[in-house]
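Encoded as structure tokens, the structure appears first; notes follow it.
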Amino acid sequence: MTRPLASLGNYRRIVIKIGSALLVDRGAGLKTEWLEAICDDIAALRARGVEVLVVSSGAIALGRTVLGLPAGALKLEESQAAAAVGQIALARHWSESLSRSSIVAGQILLTLGDTEERRRYLNARATISQLLKLGAVPIINENDTVATTEIRYGDNDRLAARVATMTGADLLILLSDIDGLYTAPPHLDPAAEFLPVIAEITPEIEAMAGGAASELSRGGMRTKIDAGKIATSAGCAMIITSGKPLNPLKGIDDGARHSWFAPSATPVTARKTWIAGQLQPAGILTVDAGAETALRAGKSLLPAGVRDVSGQFLRGDTISVVGLEGREIARGLAGYDADEARRIAGHKSREIEALLGYAGRSAMIHRDDLVMTETAAKRGDAKTKKDEAHA
Ligand code: GLU
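Going by the working numbering, the first residue of the sequence shown is number -12, and it counts up by one from there.
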């Protein structure tokens, strides 16, 4: 397994995700001292030649403080309004604090579509790399004022992981209110053990994540592990550490407690990373056992092995491939529109011309457009003790 690098200065490009609770105090507003300290950390990293991107939460928390909205859950339009007020203030604070070290900040607001639709993804990526080339620090958040429930990330953990894979970062740091991953939630279970290094995100590791989230931060450990899966499968390492002390990045190098997730030794290509990381596949193909075996052997998915087609997708959309019992095996780009896929499902490739009236491609999903999404451990399907304990 790869080992953690000796210091953050050894990484080339780092994405730092900052949770709302670290930046915003519900009574006093923005925590200026904390922000200025992390900007000093960022300046120190840049002086060592590391490129830094920040995914900063806090727009909604800051906006609701400025607007004096009551505690408790907000309605969608209230959180959108809070984000509009909060984001402008958040960006100003970042820009001013970084300028103390003569660093220029650039604001990027993303929605799900910007990372999930290939063309928009390429656009967003180009803008971010141009900012880095010009020496600016991108300050990224979800565009909460326009994102509605169906089309939003909702948590910045997974957004930060998508930014990390999109920009080819080699490290993602999630600054949180907890200092890393434990075998069980430490506030509930005194026997919980801390895990300093996670070689692979197995179902057992996923089961340790629990579900906690607070009013200020959307993501609990669950979304952090999801973020880890997105990042590590693309060859990007991940660190979870507490952001509560001042200068938490310097803290990592000084030995502060943190969990380090190893990057996959065989990262999939950028194109396949993009396919696997899609959050909302447009449809589902259910395949038989023979097709499952063929896919695992690296073959294309042929119409003959497809038992059922659900969803309305177009050729080129990302779709999910599931086994007969409904477990996802792979994802890929559809070779056919959904209605054509329904007509040829279960048929031999040589019958396609007679069925559709033209000689289409022989594969429902070509192997180059297909990526396996199950882990080796999942394939065994055996429930672990921890799965049961957390069920
Ligand atoms: N985008 C949200 C905000 O800036 C935060 C989401 C999260 O807490 O992960 O307020």
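Positions of the beta carbon are idealized from the N, C-alpha and C atoms, including for glycine.
Small disclaimer: the values here were computed from a predicted structure and weren't measured.
- Task: Taking Ile316 and Gly310 to be in contact with their CB atoms under 8 Å, please state how far apart those CB atoms are, rounded to whole angstroms.
- Result: Yes, Ile316 and Gly310 are in contact; Cβ-Cβ is about 6 Å, under 8 Å.
- Other residues of its chain near Gly347: CB distance less than 6 Å, five sequence neighbours each side excluded: Ile339
- Residues that Gln94 bridges to, as DSSP identifies them: Under DSSP, Gln94 shares a beta bridge with Ile126.
- In chain order, what residues of the same chain lie with their CB nearer than 6 Å to the CB of Arg247, ignoring the 5 residues before and after it? The sequence as given places Trp at residue 247; Arg does not occur at that position. Taken in chain order, the residues that qualify are Pro(-9), Val184 and Ile226.
- Is it right to say Thr102 is buried, meaning 16 or more other beta carbons lie within 10 angstroms of its own, or is it exposed? buried
- Message: Gly16 and Leu54 - do their beta-carbons sit closer together than 9 Å?
- Response: It is not a contact, given that the beta carbons lie outside the stated cut-off.
- Contacting residues, own chain, Cβ-Cβ under 8 Å from Arg139 (five flanking each side not counted): Thr98, Leu99, Glu129 and Asp131
- Proximity winner among Met153, Met359 and Val133, relative to Asn110 (alpha-carbon distances): Scanning Met153, Met359 and Val133 for the CA closest to the CA of Asn110 turns up Met153.
- Message: Could you tell me the alpha carbon to alpha carbon distance between Thr135 and Gly238, rounded to whole angstroms?
- Response: 37 Å
- Message: In the DSSP assignment, the alpha helix (DSSP H) including Met359 goes from what residue to what residue?
- Response: Unbroken run through Met359 is the beta strand (DSSP E), Leu357 to Met359; no alpha helix (DSSP H).
- Hey, is Leu99 close to ligand 1, as in C-beta under 8 Å from one of its heavy atoms? no
- Query: At a cut of 8 Å, does the region 213 to 225 reach the region 256 to 266 through at least three beta carbon pairs?
  - Reply: yes
- Message: I need the DSSP call for Met208, collapsed to helix, strand or coil.
- Response: helix
- Message: Here's a check: name, in chain order, each residue in its chain whose Cβ is nearer than 6 Å to the Cβ of Ala199, leaving out the five neighbours to either side.
- Response: Here Ala199 scores only 41 on pLDDT, less than 50, and its place in the model is too uncertain to base an answer on.
- Query: CA-CA distance, Met359 and Val308?
  - Reply: Roughly 9 Å separates the two Cα atoms.
- So Ala278 packs on Gly292, CB below 8 Å; how close in whole Å? 3 Å
- Query: Which residues in the same chain have their Cβ closer than 6 Å to the Cβ of Leu357, if we skip the five residues on either side of it in sequence?
  - Reply: Ala317 and Gly319
- Query: How about the region 140 to 148 and the region 27 to 46: do they share at least three Cβ pairs that are nearer than 8 Å?
  - Reply: yes
- Query: Using CA coordinates, which residue listed in Gly222, Gly242, Leu9 and Ala243 is at the minimum distance from Pro250?
  - Reply: Gly222
- Under 8 Å from any heavy atom of ligand 1, does the C-beta of Ser307 make it? In this structure, the C-beta of Ser307 stays at least 8 Å away from each heavy atom of ligand 1.
- Is the number of C-beta pairs between the region 82 to 93 and the region 61 to 68 that are closer than 8 Å three or more? At 8 Å Cβ cutoff, the stretches do not touch.
- May I ask which residues mark the beginning and end of the beta strand (DSSP E) holding Glu38? Glu38 to Ser43
- Message: Check whether the region 280 to 296 and the region 169 to 189 are in contact - that is, three or more C-beta pairs closer than 8 Å.
- Response: no
- For Ala46, is the beta carbon positioned less than 8 Å from some heavy atom of ligand 1? yes
- Query: In three-state terms, what does DSSP make of Thr52?
  - Reply: Thr52 carries a helical assignment under DSSP once its states are collapsed to helix, strand and coil.
- Message: Can you find the residues in the same chain that come closer than 7 Å, C-beta to C-beta, to Val72, ignoring five residues on each side of it along the sequence?
- Response: Gly50, Val53 and Leu54
- Helix, strand or coil at Tyr108 according to DSSP, with G and I counted as helix: Look at Tyr108 here: in three-state DSSP terms it is helix.
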